[in-house]
Amino acid sequence: MLSVRELHRIAQTLPPDRLAQQLGPFVLLERPPDEQRAQAALMLGAKRTVAVKRDRSGQDELSMLLELETLLVATVPPLTPGAKLLVGRLPDCDLVLDDPSVSKHHATLTWDGAGGGVMVQDLGSSNGTWINGERLHLAMAVRDGDNLSFGDFEFCFFSSSTLVQKLTLKRGP
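Basically my numbering = 1-based index in the sequence shown + 5.
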């Protein structure tokens with residue numbers, strides 16, 4: 006993963022179309038877990054899932070964007086239509102989230118390719134998968150700017166082209 010700050014540096018050297026190609030079809034901007042959660046994850050060694058605290062309502066796209074420089078960016082490789090990415094805390098997952106609030110195999114992200122959309126499906130995780138504060142019960146599409154949570158991990162979803170546009174607007178003349 007890269008920090009957004011590092012991504013800004015890379016954006017200075019690559020043309021926008023090449024940067025979008027390097028990022029893959031979409032990105033997840035991550036807010037790393039707090040120090041206590043990180044310590045708990047190390048002590049548990051991915052043996053069990055712990056209950057998540059849902060007292061962070063009020064985290065919205067704007068507040069995440071205001072902290073953009075400190076966020077990490079999870080990029081994905083180029084995907085074929087219908088490709089699925091497994092999200093969870095085990096090493097066999099495509100997106101590994103090393104936190105005890107995340108189930109071993111937590112959710113899937115399915116790339117549709119044609120329309121540039123992504124479907125998210127919870128895999129019966131202990132703490133659920135959430136889009137914009139609503140718990141998923143069925144597979145659901147995510148859109149640019151949607152907040153996506155797996156346990157205590159919070160992300161903001163963007164297509165690569167949207168992120169590149171935001172990065173290149175900051176370049177200035």
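Beta carbons are placed, not taken as given, at the ideal position from N, Cα and C, and that holds for glycine. These numbers were taken from a predicted model, which means no experiment stands behind them.
Beta bridge counterpart(s) of residue i as assigned by DSSP
i	result
Arg10	Bridge partners of Arg10: none, in fact.
Glu139	Ile136
Ala79	Leu33
Thr18	Thr18 pairs with nothing; no bridge assigned.
Gln126	Thr113
Ala146	Met124
Under 9 Å between C-beta atoms of residue i and residue j
i	j	result
Leu114	Val78	no
Leu24	Phe160	no
Gly150	Leu141	no
Leu172	Ala16	yes
Gln26	Pro83	yes
Backbone CA spacing between residue i and residue j [nearest angstrom]
i	j	result
Leu168	Thr85	20 Å
Glu11	Lys89	27 Å
Glu74	Gly138	23 Å
Ala146	Thr18	33 Å
Asp182	His13	This structure cannot settle anything about residue 182, because the visible part of the chain is limited to 6 through 178.
Ser8	Ser165	15 Å
Trp116	Leu128	17 Å
Arg148	Leu102	21 Å
Pro21	Gln170	8 Å
Gly87	Leu143	17 Å
Pro96	Pro105	14 Å
Gln41	Val32	Summary for Gln41: the model assigns pLDDT 46, below 50, so the residue's position carries little reliability; its value from the coordinates is reported in the next sentence. Looking at the two C-alpha atoms, the distance is approximately 26 Å.
Val107	Val123	20 Å
Ile136	Leu76	19 Å
Pro30	Met6	15 Å
Gly118	Leu28	15 Å
Nearest candidate by alpha-carbon position, reference residue i, set the options
i	options	result
Phe155	Ser164, Lys109, Leu172	Lys109
Ser131	Ile15, Ser165, His111, Leu172	His111
Asp99	Trp116, Val81, Val107	Val81
Phe163	Gly121, Met6, Pro83, Pro96	Gly121
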